[in-house]
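K.L.:
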Amino acid sequence: MSRKRVIVTLCSFMAVALWSTAGWSGPESDPLKPRVPDAERGEARKLKSPITVTPDVLAKGKELYEGKGTCANCHGQSGEGDGAGGMLLTPGPRNLTNCKFHKKRNDGELFWVIKNGSPGTGMPALLKGNIITEEEAWTIIAYERSFCKDKD
């Protein structure tokens with residue numbers, strides 16, 4: 001078999017593999033399910049953001065979300081959970097545009113997940129890994145809240 005044919009064959013197999021696995025990730029089966037373990041949820045819910053939300057904070061949150069925080073890799077630029085890095089995750093990343101989620105989960109719970117990761121998912125512990133600081137986590141949370149456009 002010629003070298004060109006081997007390369008074309010391997011590329012074809014890789015394309016099929018990527019295409020077929022892209023369907024593995026999908027919407028969460030229960031987008032309102034808490035990601036903080038029951039034993040820690042009460043304490044997590046007590047955490048309050050020290051950040052006052054301003055246009056500058058939202059701009060910084062967007063910058064962190066799309067850059068240093070690596071959030072957009074899985075959650076997508078628009079927050080819909082459709083980022084390239086999340087395609088192989090099961091369950092798929094949270095859809096941060098879901099206003100019911102934002103009404104159900106408080107800032108302390110979101111902070112806990114950013115700090116500790118999300119058990120049973122591909123969400124890493126961003127603070128424990130020294131990827132971002134606590135202040136940056138709260139700034140990202142303020143930005144993530146802006147994905148919900150429902151004003152009710």
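Residue numbers for the sequence shown follow our numbering, so the first one is 1 and each next one is one higher.
Glycine is no exception: its CB is placed at the ideal position from the N, C-alpha and C atoms.
These numbers come from a predicted model, not from an experiment.
In three-state terms, what does DSSP make of residue 101?
P.N.:
helix
K.L.:
Just the C-alpha distance for residue 121 and residue 63, rounded to the nearest angstrom, thanks.
P.N.:
24 Å
K.L.:
According to DSSP, is residue 139 helix, strand or coil?
P.N.:
helix
K.L.:
Check each candidate in 79, 97, 95, 145 and name the one with the smallest Cα separation from residue 111.
P.N.:
145
K.L.:
Starting from the C-beta of residue 131, find all residues in its chain whose C-beta is less than 6 Å away, skip the five residues before and the five after it, and write them out in chain order.
P.N.:
none
K.L.:
Rounded to a whole number of angstroms, what is the C-alpha to C-alpha distance between residue 115 and residue 127?
P.N.:
Roughly 5 Å separates the two Cα atoms.
K.L.:
What residues in its chain sit with their C-beta under 7 Å from that of residue 102, if we drop five residues either side in the sequence?
P.N.:
145, 148
K.L.:
From this set, 44, 94, 75, which residue's C-alpha is nearest residue 107's C-alpha?
P.N.:
44
K.L.:
What residue from 94, 65, 79 has the CA that sits closest to residue 138's CA?
P.N.:
65
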